[in-house]
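Q:
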Amino acid sequence: MKSNKQKEHIVQEMLLAIGENPDRQGLKDTPRRVVEMWKENFAGYDKKKKPKVTTFDNNADGVHYDQMIVDSGYFFSHCEHHLVPFFGTYHFAYIPDKKIIGLSKVARVVDFYSARLQIQERLVKNVVDEIENALKPRGVALVIKARHLCKEMRGVEKHNGEMITSDIRGAFRKNEATRMEFMNFIK
Ligand code: ZN
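Encoded structure:
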């Protein structure tokens, strides 16, 4: 692991490489700020920061939950091909079996795996694997809709910047009515 000073030096080199003068007033503090920001943006490499996916017993309060539970939220990540952000919304759903989960956990798992260099396809899998493993639900589904700045800033796909990836498992895969119900929720 490199020291902060070494990391800041790398950012200075990067500024030089793009044709900047790292010593000018406005950029003096930039390497320090960038390295500070990396801590947050790339916290997903630190296994200690991996959220614990705690679950509760279904039926613990005398009610057996078997309906579809849906949650949506935002995420921000960086594409591993160009090191620029891609970001958007995620739509998560599951049908419980023996366990239920607090939805804030889903948001934390999304945040953790977003805080790495990613591709959207892998981000979906990382999150669904993690949650399926802890929850063993009857079905789980995740749809991610994202804008990729590497495309949009270059004008390659200015008119259709949104990319959609999904991972649909269990009851959502087997039962078309269940899948359609979810898809209708997130339209
Ligand atoms: Zn890219």
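Numbering-wise, this note's numbering comes out as the position in the sequence shown, counting from 1, plus 68.
Using N, Cα and C, we set each Cβ at its ideal position, and we do this for glycine too.
Remember, predicted model here, so these are calculated numbers, not experimental data.
(1) Let me check you understand the geometry: is the CB of H149 closer than 7 Å to at least one non-hydrogen atom of the ligand ZN?
(2) Below 7 Å CB to CB, which residues in the same chain sit around K118 once its five sequence neighbours on both sides are set aside?
(3) Are there three or more Cβ pairs, one per stretch, closer than 8 Å when the stretch 205–213 is compared with the stretch 157–167?
(4) Which residue's Cα is closest to the Cα of V121: M231, N201, R237?
(5) I'd like the span of the alpha helix (DSSP H) that includes E81, first residue to last.
(6) Between the stretch 141–151 and the stretch 71–83, are three or more C-beta pairs nearer than 8 Å?
(7) By DSSP's criteria, G94 is part of a beta bridge. Which residues make up the other side?
(8) Taking the straight line between their C-alpha atoms, what separation do you get for N194 and D129?
(9) Just to confirm, is the Cβ distance from E189 to T233 under 8 Å?
(10) Grab the span of the alpha helix (DSSP H) containing Y181 for me, first residue to last.
(11) What does the alpha-carbon distance come out to for the pair M231 and E198?
(12) Spatial neighbours of A183 within its chain, please: C-beta separation below 7 Å, excluding the five flanking residues on both sides.
A: Based on what the coordinates show:
(1) yes
(2) F180
(3) yes
(4) N201
(5) 72–85
(6) no
(7) Its beta-bridge partners do not exist; DSSP assigns none.
(8) 31 Å
(9) yes
(10) 171–182
(11) 22 Å
(12) N109, F110, A111, G112
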